[in-house]
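I have placed the structure first, in the form of structure tokens, so that the comments after it can refer back to it.
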Amino acid sequence: MLSIIERKLGLKYAIIISSLAFALCHIDRLIHAPLMIIYGFILGYAFSKVKNIILPITAHALSNLILYLYVVLDVI
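What follows is the structure, encoded as structure tokens:
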């Protein structure tokens, strides 16, 4: 998604739009929206630097694992 938008609108707007889309897909409560927008921005920026989807996917998976360990298993 980011690459397609970047070709049409430039990197700045591509990261903003993809961050908003990421947040819309990941918020369960409105209060979490700003955090998800920031996290989407970080992942989009990371992708723009390495031009490889593996880094953002790995970061996303690790954050999901940490959240799972904290919330579900009460490990952390």
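Numbering (the numbering used here), first residue to last: 11 to 86.
Every residue gets a Cβ at the ideal spot worked out from N, C-alpha and C, and that includes glycine.
Identify which residue in the options has its Cα closest to the Cα of residue i.
i   : options            : result
A33 : K22, L45, A24, Y23 : L45
R17 : F51, Y49, S58, N74 : S58
For residue i, collect the residues of the same chain with a Cβ closer than 7 Å to its Cβ; drop the 5 residues on either side in sequence, then sort them by chain order.
i   : result
I37 : A43, M46
Using the C-alpha atoms, what's the distance from residue j back to residue i?
i   : j   : result
L83 : A31 : 29 Å
F51 : S29 : 5 Å
R22 : L72 : According to the sequence provided, residue 22 is Lys. The question's Arg does not apply to it. Cα to Cα, K22 sits roughly 26 Å from L72.
Y53 : Y78 : Just to set this straight, residue 53 is Leu in the shown sequence, not Tyr. Near 19 Å, if we compare the C-alpha coordinates of Y78 and L53.
N74 : C35 : 14 Å
A11 : I41 : One detail in the question is off: residue 11 reads as Met in this sequence, not Ala. The alpha-carbon atoms of M11 and I41 are separated by roughly 25 Å.
L65 : I15 : 19 Å
By a C-beta neighbour count over all protein chains shown, 10 Å radius and 16 as the cutoff for buried, is residue i buried or exposed?
i   : result
I25 : buried
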